[in-house]
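Here the structure comes first, spelled out in structure tokens, and everything after it is commentary.
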Amino acid sequence: MTDIAALNIGMEKPMSLLSAIADDIACVRARDPAARGRLEILLTYPGVHAIICHRIANRLWRAGLRFPARFLSWFGRFLTNVDIHPGATIGRRFFIDHGAGVVIGETAEVGDDVTLYHGVTLGGVSWSAGKRHPTLQSGVLVGAGAKILGPITVGAGCRIGANSVVIEDVPPGMTVVGIPGRIVQPAGERRRRDGRIDLEHHLMPDPVGEAIATLLDRIDFLEVRQAHLARKLAAFETPSTTPPDEETPP
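The numbering of the sequence shown is the UniProt record's numbering, which starts it at 1 and goes up by one.
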């Protein structure tokens with residue numbers, strides 16, 4: 001299996017199991033304003049439970065203990081409703097917010113500081129062996145319900161909008177929305193600079209809405225222009241009200 005240190009997706013050096021789990025717990029407070037303390041996070045966050053199960057299952061998988069790894073992965077899914085294949089490679093400070101309905105395939109590769117919301121799928125589109133699931137580079141945020149499919153790469157710092165379907169590579173720092181996913185805005189124009197995660201989901205760009213608004217503005221302009229031309233034409237066609245000159249009597 002691919003060693004974590006060899007992945008060219010922006011991850012740091014190989015980590016011990018305990019330090020990795022400690023980082024996963026610590027990162028929650030920076031990304032979830034509802035988090036109050038480490039004990040609460042450890043005991044009540046299903047996304048944290050899911051990544052702890054995966055950290056252990058992944059080590060069993062890479063050691064060749066495939067059945068114990070799959071069984072632990074199944075138990076984690078039963079406990080948390082998060083399905084992470086033990087073969088998936090996940091970097092440091094990984095956070096699944098709300099931890100429900102997330103699916104991560106066997107050959108998926110996830111960098112450091114990645115955040116997934118509920119309902120996200122990192123899925124495959126082929127039965128062929130080898131790489132068939134996506135790679136998410138460091139700092140990616142994936143909104144609720146989004147699907148990232150196939151052996152594609154989502155560049156570092158990207159934001160994937162809720163319910164988007166991404167089937168092509170995304171350059172670093174971009175924002176993607178829609179079905180199929182479209183690049184609409186560089187992340188540098190929207191991401192927070194104070195080190196915290198950007199929770200302003202209500203400000204997600206809406207390219208369809210912006211196009212419709214532009215068309216409505218154009219229609220208003222054309223209607224005003226048409227009314228103006230109609231008035232000018234009516235004035236031109238109106239006969240003169242001045243009576244004609246009367247003939248001079250003999």
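Note that CB positions come from ideal geometry on N, CA and C, so glycine has one too.
Just how far apart, CA to CA, sit V140 and A156? Stepping through the sequence shown from its first residue, residue 140 is reached at position 140. Stepping through the sequence shown from its first residue, residue 156 is reached at position 156. Distance between the alpha carbons of V140 and A156: 6 Å.
So, helix, strand or coil for I179, using DSSP? Numbered from its first residue, the sequence shown carries residue 179 at position 179. In this structure, I179 counts as coil in the three-state DSSP scheme.
Buried or exposed for R225, going by 16 or more other Cβ atoms inside 10 Å? Start at 1 with the first residue of the sequence shown, and residue 225 comes out as number 225. By the neighbour-count rule (16 or more Cβ atoms within 10 Å), R225 is not buried but exposed.
Limits of the unbroken beta strand (DSSP E) element including L122: For the purposes of this step, residue 122 is taken as the residue at position 122 of the sequence shown. Taken as a continuous stretch (DSSP letters only), the beta strand (DSSP E) holding L122 covers 121-123.
So, for A50: in the same chain, excluding its five sequence neighbours on each side, which residues have a beta-carbon less than 7 Å away from its beta-carbon? Start at 1 with the first residue of the sequence shown, and residue 50 comes out as number 50. Answer for A50: G76, T80, V82, I84, I96, G99, listed in chain order.
Identify the continuous beta strand (DSSP E) that holds L43 and give its terminal residues. Your numbering for residue 43 matches position 43 in the sequence shown. In the DSSP annotation of this structure, L43 is not part of any beta strand (DSSP E); the continuous alpha helix (DSSP H) holding it starts and ends at 38-44.
Cβ-based neighbour list, H118, same chain, cut-off 8 Å, excluding 5 preceding and 5 following: What you label residue 118 is simply residue 118 of the sequence shown in a count that begins at 1. Cβ neighbours of H118 beyond the five flanking positions: I96, D97, H98, G99, A100, G101, V102, A144, G145.
Is the distance from the Cβ of I148 to the Cβ of I160 below 8 Å? Translated into the one-based positions of the sequence shown, residue 148 becomes position 148. Translated into the one-based positions of the sequence shown, residue 160 becomes position 160. Yes. Within cutoff.
Rounded separation between M174 and R62 - CA only: As a working note, residue 174 is residue 174 in the sequence shown. As a working note, residue 62 is residue 62 in the sequence shown. Between the alpha carbons of M174 and R62 lies a distance of about 33 Å.
For the alpha helix (DSSP H) that contains L65, what are its first and last residues? Locating residue 65 in the sequence shown gives position 65, where the first residue counts as 1. Where L65 is concerned, there is no enclosing alpha helix (DSSP H), given that its DSSP letter is neither H nor E.
Could you pull out every residue in the same chain whose Cβ sits closer than 6 Å to the Cβ of I90, ignoring the five residues on either side in sequence? Position 90 of the sequence shown, counted from the start, is the residue given in the question as residue 90. The residues are V110.
Suppose you measure from the CA of R218 to the CA of E210; what does that come to, to the nearest Å? Within the sequence shown, the letter at position 218 stands for residue 218. Within the sequence shown, the letter at position 210 stands for residue 210. Rounded to whole angstroms, R218 to E210 spans 12 Å at the Cα level.
If you draw a straight line from the C-alpha of V184 to the C-alpha of P171, how long is it? Along the sequence shown, one-based indexing puts residue 184 at 184. Along the sequence shown, one-based indexing puts residue 171 at 171. Between V184 and P171, the C-alpha separation is close to 12 Å.
Report, in whole angstroms, the separation of the C-beta atoms of V177 and S164, which I expect to be a contact under 8 Å. For this step, residue 177 is matched to residue 177 along the sequence shown. For this step, residue 164 is matched to residue 164 along the sequence shown. Their Cβ separation, rounded to whole angstroms, is 5 Å, which keeps V177 and S164 in contact under 8 Å.
Could you spell out where the alpha helix (DSSP H) holding I25 opens and where it closes? For the purposes of this step, residue 25 is taken as residue 25 along the sequence shown, with counting starting at 1. Its alpha helix (DSSP H) spans residues 17-31.
How long is the line joining the alpha carbons of L17 and A35, rounded to whole angstroms? One-based indexing of the sequence shown puts residue 17 at position 17. One-based indexing of the sequence shown puts residue 35 at position 35. Their Cα atoms are separated by approximately 23 Å.
Just the C-alpha distance for R29 and G47, rounded to the nearest angstrom, thanks. Position 29 of the sequence shown holds residue 29. Position 47 of the sequence shown holds residue 47. Annotation: R29 to G47 spans about 13 Å, alpha carbon to alpha carbon.
Can you tell me whether V142 is buried or exposed, with buried defined as 16 or more other CB within 10 angstroms of its CB? Position 142 of the sequence shown, counted from the first residue, corresponds to residue 142. Result: buried.
Given N58, which residues of its chain have a CB within under 6 Å of its CB, disregarding the five upstream and five downstream residues? Counting from one through the sequence shown, the residue named residue 58 turns up at place 58. For N58, same chain residues with a beta-carbon under 6 Å away, outside a window of 5 residues either side, are P86 in chain order.
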